[in-house]
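Asker:
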Amino acid sequence: MRLASLALGLLLAGATPVLAADPVIFAAASMKTALDEIATEFTAETGTKPVISYAGSSALAKQIDAGAPADMFISASVAWMDDVEKAGMVLPDSRKDLLGNTLVLVSDSEAPVDLPKLPEVLGDHKLAMALVDSVPAGQYGKAALTFMGLWDKVEPQVAQADNVRAALALVATGEAPYGIVYKTDAAAEPKVHVVATFPEDSHKPITYPVALIKDGPAPAEAKAFLDYLGTPKAVAIFEAQGFEVK
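As structure tokens, then:
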């Protein structure tokens, strides 16, 4: 009641009250290291603290479609952003391609791997991957292995994780000697090494689209954060983590 009375008083006095809020950002798990750093810089400069929820793009898209309160969605998959847009949740003219990435094979060993020989190198050990039917990193990985004629040979050894950072953790903790993740994930984890890079033509381009979500709790603050993602400081952070900035 006091807040309503204060707002009314300010309006009657000719002033417009501005009740700032923290924007809610839904972002692909592979963005965590870079986006956390960017958000820290943004908060230091503006006082606004983005609240970031990380998960697989598929899970985030389904939550947005179900009405979860979000101001922005950054997907690691064009298809999952398409899903959200088709559901009518994207703010018109706010969508754009933000980043690109590279698919790599990582290991707790530094020994390089000749990808065609992966089945022999793997043997009976596990290959960590994000969910291959729904999470973008897993989908790209399965597509690359299929393209190279390896999927049927390694499928029995695949250990699927909820998202790409969870797959990375399986390798970092020694639960799986190899894993398929993004180049940026490998850069964020000192306990793993890139031992092979998948050919670009073995899977669809890895593109991260971003868009504002309709009726989010803090639209103005979310737009400010979206604009900040294109600043030289943010671009430098993305590139330092291995992202390709669009």
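Residue numbers (our numbering): 179 to 424. Beta carbons are placed, not taken as given, at the ideal position from N, Cα and C, and that holds for glycine.
Does DSSP classify P195 as helix, strand or coil?
Answerer: Any reading at P195 needs caution, since the residue's pLDDT is 37, under 50, leaving its predicted position unreliable; the model's value is listed next. Residue state, collapsed to three classes: coil.
Asker: Can you give me the Cβ contacts of T385 inside the same chain, cut-off strictly under 7 Å, excluding the 5 residues immediately before and after it?
Answerer: So the list reads V256, D275 and G278, once near-sequence residues are dropped.
Asker: Tell me whether P334 is buried or exposed, calling it buried when 16 or more other Cβ atoms sit within 10 Å of its Cβ.
Answerer: Result: exposed.
Asker: For K331, would you say it is in contact with chain B, using Cβ-to-Cβ distances shorter than 9 Å as the test?
Answerer: Included in the structure is just one protein chain, with no chain B present.
Asker: Excluding the 5 residues flanking A354 on each side, which residues of the same chain have their C-beta closer than 6 Å to its C-beta?
Answerer: Counting only Cβ-Cβ distances below 6 Å, and skipping sequence neighbours, we find K304, A306, A337 and L348.
Asker: Which stretch, first to last residue, makes up the beta strand (DSSP E) that contains Q335?
Answerer: Segment: none, Q335 is in no beta strand (DSSP E) and carries neither H nor E.
Asker: Can you name, in chain order, every residue of its own chain whose Cβ lies under 8 Å from the Cβ of G408, other than the five neighbours on each side?
Answerer: Taken in chain order, the list of residues that qualify is empty.
Asker: Taking Cβ to Cβ, would you say A248 is nearer than 9 Å to F204?
Answerer: Yes, the Cβ-Cβ distance between A248 and F204 is below 9 Å.
Asker: Ignore the nearest five residues each way along the sequence and tell me which others in V299's own chain have a CB closer than 6 Å to its CB.
Answerer: Within the same chain, V299 has close Cβ partners V291.
Asker: Can at least three beta-carbon pairs, one atom from the region 389–404 and one from the region 256–272, be found at a separation below 8 Å?
Answerer: Output reads yes: the region 256–272 touches the region 389–404.
Asker: Does DSSP put Q419 in a helix, a strand or coil?
Answerer: Q419: coil per DSSP, three-state reduction.
Asker: Counting C-beta neighbours from all protein chains within 10 Å, is the total for T226 16 or more, i.e. buried, or is it exposed?
Answerer: With 16 or more other Cβ atoms within 10 Å, it is buried.
Asker: Which word fits K320, buried or exposed, when buried means at least 16 other C-beta atoms lie within 10 angstroms of its C-beta?
Answerer: With 16 or more other Cβ atoms within 10 Å, it is buried.
Asker: Check each candidate in D379, V202, P201 and K210 and name the one with the smallest Cα separation from V342.
Answerer: Comparing Cα-Cα distances from V342 to each of D379, V202, P201 and K210, the minimum goes to K210.
Asker: Spatial neighbours of G352 within its chain, please: C-beta separation below 7 Å, excluding the five flanking residues on both sides.
Answerer: Excluding sequence neighbours, G352 sits near D286.
Asker: Could you pull out every residue in the same chain whose Cβ sits closer than 7 Å to the Cβ of A217, ignoring the five residues on either side in sequence?
Answerer: Hits under 7 Å: P228 and I230.
Asker: Near I415, what residues of its chain come up, given a Cβ to Cβ distance below 8 Å and the 5 sequence neighbours on each side ignored?
Answerer: So the list reads A212, E215, I216 and E219, once near-sequence residues are dropped.
Asker: Any idea if A182 is buried or exposed, counting beta-carbon neighbours within 10 angstroms, 16 or more meaning buried?
Answerer: No answer about A182 holds up, because its pLDDT of 35 lies below 50 and its placement is not dependable.
Asker: Per the DSSP calculation, H303 is bridged to which residue(s)?
Answerer: The partner list for H303 (beta bridge, DSSP) is empty, contrary to what the question assumes.
Asker: Per DSSP, H371 is paired with what?
Answerer: DSSP output for H371 lists S285 as bridge partner(s).
Asker: If you drop the 5 nearest sequence neighbours on each side, which residues of the same chain put their C-beta closer than 6 Å to that of L238?
Answerer: Excluding residues within five positions, the ones whose Cβ falls inside 6 Å are F204.
Asker: Looking at the structure shown, is D243 part of a helix, part of a strand, or coil, going by DSSP?
Answerer: Helix.
Asker: Give me whichever residues DSSP pairs with S231 in a beta bridge.
Answerer: In the DSSP output, where bridge partners are listed per residue, S231 has F204.
Asker: Just to check my reading of the structure: V373 and V284 have Cβ atoms closer than 8 Å, yes? What is that Cβ distance to the nearest angstrom?
Answerer: About 7 Å; that satisfies the 8 Å criterion.
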